[in-house]
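Sequential numbering of the sequence shown, starting at 5, is according to the working numbering.
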Amino acid sequence: MRLLTHVAQRIVNEVNQVLSEEVIVMNREGTIIAASDRSRIGSFHQGGKEVIMTEQKLLITEKETERLQGVKVGLNLPIRFQQKVIGAVGITGSKSGAALHGELIQRLTELIIEEAYAAEKLDSELRGLETFVYEWLHTETVTAELQDRGYILGIEMSEARYCVLLQLWQQQEEALEPGVEIDVLETIRSVFPNEQKDVLVRWGRGRFALLASAKQHSRHGLAQELVTLARKIKEKYYLGLRAGISRQQPDPLQMNLAYREAQQALAVKKAEEPIIFYDTFILEVVLAEAKPETRQHIIDKALGQLQEETELIETLQAYFAHQLSIKETATALHIHINTLHYRLKRIQELSGCQLKETKDLVALFIALWYYKEQSIR
5 MRLLTHVAQR IVNEVNQVLS EEVIVMNREG TIIAASDRSR IGSFHQGGKE VIMTEQKLLI
65 TEKETERLQG VKVGLNLPIR FQQKVIGAVG ITGSKSGAAL HGELIQRLTE LIIEEAYAAE
125 KLDSELRGLE TFVYEWLHTE TVTAELQDRG YILGIEMSEA RYCVLLQLWQ QQEEALEPGV
185 EIDVLETIRS VFPNEQKDVL VRWGRGRFAL LASAKQHSRH GLAQELVTLA RKIKEKYYLG
245 LRAGISRQQP DPLQMNLAYR EAQQALAVKK AEEPIIFYDT FILEVVLAEA KPETRQHIID
305 KALGQLQEET ELIETLQAYF AHQLSIKETA TALHIHINTL HYRLKRIQEL SGCQLKETKD
365 LVALFIALWY YKEQSIR
């Protein structure tokens, strides 16, 4: 394994948080690739090279500084990974001080490298799985080659599945903290622990894709598990979670259809329902499909001058919320029925829509839906 520069610099940074001594890290060629004194980066360190060749620590005295190129008084120690020396770490200082901290720094260095390697390996495995799932969810024809790759990855592609898209969100418009997505991935896996049955990958910023086995999860069971997951994420990370869930897809060769349904369900803006099944909110799913420019055209066409009349917009919202009941709408708004009749007449005049015409009512309802969505953003 090659000692990576960013890992070497992390070693220096970590050590400097607890010790004031100057620290350097050398690669197998004896070149300094990270240092407390950045001016030394890129220079040759003969002491480090000797340590790498002999695989033994080297205490550098004043006398040794005359013999060795590019060194200072201190201690150099080999860095081992998987029983091989991959570099050296040096600490500058007196004999007693260097000896006191040397063994500790050596072990800390090796632990950081082991952690970095494990994280890199995990990230590589995740990327491979992500690539596979991306192809699976975007192809209309699942080839034998793709099925073979699924088999190699240990994925049972023959099962009926739900496609679930999970989206993290927070109140403030801020980027997620570094590393939080990997932590959330582990939390999701704690709720869906069967890696062969439930395929889980990252799916963009703050988003995850879960291909949940229909054999392992009933519709109701899946909903309950997602509620549990949302609670865990809120408690641990103070983040919200929304989920869009497709219908059960019995044909694993057509998961692209399930993916589109999950996308459409996730696009439904219904705050009180953070877990949305595609076939539960048919109207909402259809409305979510319209492009922004189409939505604005519908708002302008149907609502017209109503957009400038807050009181009339609120009246229309209440009218729809109470199933077009004059009595219930007036009661909810705390106004006289005659006042409501006047407002509804003004709504018709300003919008050009007739409230007794089904087509006009539908147009107003859709326009009002989009108008409310714009107001929430």
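The beta-carbon is built from N, C-alpha and C at its ideal position, and this holds for glycine as well. Note that the structure is predicted; figures quoted are calculated from it, not measured.
From the listed residues Arg193, Ile95, Lys201, Arg206, the smallest Cα separation to Glu134 is found for Arg206. If you check the CB distance, Leu307 and Ala371 come in under 7 Å. Here DSSP, grouped into helix, strand and coil, assigns Arg246 to strand. Straight across, the Cα-Cα distance linking Arg223 with His301 is about 38 Å. Cys167 is bridged by DSSP to Leu215.
Taken atom to atom, the span from the alpha-carbon of Tyr242 to that of Ala213 is near 21 Å. Secondary structure of Leu344 (DSSP, three-state): helix.
Out of Tyr374, Ile37, Thr65, the CA that lies nearest to the CA of Glu297 is found in Tyr374.
By the beta-carbon neighbour count (other beta carbons within 10 angstroms, threshold 16), Pro82 is buried.
Under DSSP, no beta-bridge partner is assigned to Val22. Remark: C-beta atoms of Ile95 and Ile109 approach each other more closely than 7 Å. In this model, Leu7 and Gln87 are separated by some 14 Å (Cα to Cα). By the neighbour-count criterion, in which a residue is buried when 16 or more other Cβ atoms sit within 10 angstroms of its Cβ, Gln358 is exposed. Counting of Cβ neighbours within 10 angstroms places Trp173 among the exposed residues, the total staying below 16.
The residues Glu26, in chain order, have a CB closer than 7 Å to that of Asp41 in the same chain once the five nearest residues on each side in sequence are set aside.
If you draw a straight line from the Cα of Phe369 to the Cα of Phe324, it comes to about 8 Å.
By the criterion of at least three beta-carbon pairs nearer than 8 Å, the stretch 65–74 is not in contact with the stretch 12–27. One Cα belongs to Gln267, the other to Leu169, and the distance between them is close to 7 Å. Between Ala334 and Leu344, the C-beta spacing is below 7 Å. Taken in chain order, the unbroken stretches of alpha helix (DSSP H) that lie wholly in the stretch 6–54 and span 4 residues or more are 9–20. Per DSSP, Leu233 is one residue of the alpha helix (DSSP H) stretching across 223–241. For Ala234 against Leu245, the beta-carbon gap comes to about 4 Å, under 8 Å, which counts as contact. Its chain contains no residue whose beta carbon lies nearer than 6 Å to that of Leu189 once the 5 sequence neighbours on both sides are disregarded. Val203 carries a strand assignment under DSSP once its states are collapsed to helix, strand and coil. Leaving aside the five residues that flank Asn198 on each side, the residues in its chain whose CB is nearer than 8 Å to its CB run, in chain order, Ser217, Gln220.
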